[in-house]
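Basically our numbering = 1-based index in the sequence shown + 36.
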Amino acid sequence: MSFEQKVSRIKEIFDGYIISEPKEVVKKGYRGIYIDVYVLRKIISPVIFRNTDRTELTYTTLSNRLHVEVYSRKFKAPEKITGLKILKEFNKLPSGYFYNSLEDESALRNPVSVLYGDTVTGKEAEAPAIPSRILYTWALSPQRYEDVAEEKTHNALSEMGTMWDPKEGKLRETLFKNIYMNKGHLLQLITFYNVVPEELIFGIGNILHTSTYGAEDSVNQRNIKNDILLIACSKPFENPVTPYEVIENLTDDEISKMTNDDQTKRILQNKLRDLISKYAYVKILSEKETTEVLEIVRSIYGDRELLGRLVEVLVDYANGFISALGVEVEKAKKTKKRS
């Protein structure tokens, strides 16, 4: 299939839940159309999800069990950065773009800012913040906290990069502890809100092609492998089934049976279908449709020419979005002056 045929097929599968152009949300406002992607993240190498306390791995209590709980930004930021790397690869990232430090409005003219949300931090900037249209919940481990977390003790290196202290003539003993998530999975819901097919492909592709998360990523690289469990669409209301409800409804017996990836995936998929099916306004994609969507995304990301074509289309959409946003801002200024 050509690039256009692949995009057309995505349009067919998600008919009624996508928009024709991103600038629609500027001109017409947001519609109640949602595409929910349930992501299963497998821990493939020890990862640190650090908060204020470096020795803490955050957890929550559900059904009298402890489960790892990870803040949404720990995943959104790396996947947003994957999108930025793609734009850089094709020389489509504005020269004034610096992550989390945009000095002027021109830096917003890129697909990542338009989809993931962004704001200009420069003192003279007048551009409004762009709200995200890809929304992340917190992630939860289906397995119990005590089964997937491990505390490790390390000895800090000197400024020379060794443990040898030349002044003392002996090894340093500056010990510190980290708590790692060293196995298991994390369940997360990512919602696409008023997106075009190409943005959906871009967002899912960035999820599937990001594998480094957490703190100390310069030494703890490639620690998570992502998979898509299930995709559901809803309108005009949001699908209320979150990872919290899923984990809370798991029985101890179901958790004990999560001994491998296939078992874990099957149990969570069944639980999701049971919970989501209670809501008549939510449509669950069939397994065949979900597989086809993922095959299309992977085929585009696996072909430089197709990926370049995706970037070109997204850049055109981003320019249209920012131009429309500028027009609306000017209208608002004139209205304010008249009043």
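We treat Cβ as the ideally placed atom computed from N, Cα and C, and that holds for glycine. Everything numeric in this text was worked out from a predicted model, so none of it was measured.
Residue i beta carbon near the ligand MG (any heavy atom closer than 7 Å)
i	result
Glu40	What this structure holds is no ligand at all, so the ligand MG is not there to describe.
Cβ pair residue i, residue j closer than 8 Å
i	j	result
Leu342	Phe39	yes
Leu98	Ile283	yes
Asn259	Val83	yes
Ala143	Tyr133	yes
Val318	Ala268	yes
Lys110	Tyr249	yes
Thr155	Leu138	yes
Pro233	Lys47	yes
Val277	Ile312	yes
Ile336	Lys42	yes
Lys376	Asp263	No information on residue 376 is available, as it lies outside the stretch 37 to 375 that the chain covers here.
Gly239	Phe228	yes
Tyr66	Asn275	no
Inter-residue Cα distance where the pair is residue i and residue j
i	j	result
Leu361	Val61	9 Å
Ala165	Arg45	33 Å
Arg302	Pro147	35 Å
Gly68	Gly52	11 Å
Thr458	Glu105	Past the boundaries of the shown model lies residue 458; the chain is included only from 37 to 375, so the question cannot be answered.
His190	Asp140	Note that His190 scores 48 on pLDDT, short of 50, meaning its location in the model is unreliable and no value can be drawn from it.
Ile237	Val333	6 Å
Phe357	Lys59	4 Å
Asp289	Leu93	25 Å
Pro13	Leu225	Past the edges of the chain, shown from 37 to 375, lies residue 13, and the structure says nothing about it.
Lys271	Gln299	31 Å
Gly338	Gln257	21 Å
Leu222	Ile170	19 Å
Leu266	Ile54	18 Å
Asn100	Asn306	22 Å
Arg180	Lys293	12 Å
Coarse secondary structure for residue i, derived from DSSP in three states
i	result
Asn191	Its pLDDT being 48, under 50, Asn191 is placed unreliably by the model, and the measurement read from it follows with that caveat. Three-state result, Asn191: strand.
Leu211	With a pLDDT of 47 at Leu211, under the threshold of 50, the predicted position of this residue should be treated as unreliable, and no value is reported.
Leu222	strand
Asn146	coil
Asn275	coil
Phe228	strand
Leu120	helix
Arg180	coil
Asn306	helix
Leu138	strand
Ser247	coil
Leu350	helix
Leu129	coil
Tyr70	strand
Residue from the options with nearest C-alpha to residue i
i	options	result
Leu308	Phe50, Asp72, Gly52	Asp72
Asn218	Ile122, Leu266, Asp289, Ala185	Ala185
Ser168	Lys121, Ala113, Lys128, Ser131	Ala113
Glu187	Tyr216, Lys324, Asn230	Tyr216
Thr246	Asp297, Asp183, Lys121, Glu182	Lys121
Lys261	Ile49, Met37, Tyr70, Ser81	Ser81
Asp297	Ala354, Ser56, Leu76, Met37	Leu76
One or two residues paired with residue i in a DSSP bridge
i	result
His103	Thr96
Glu186	Tyr216
Asn262	Arg77
Lys319	Cys269
Ile283	Paired residue(s): none; Ile283 is not in a bridge.
Leu311	Paired residues: none, contrary to the question.
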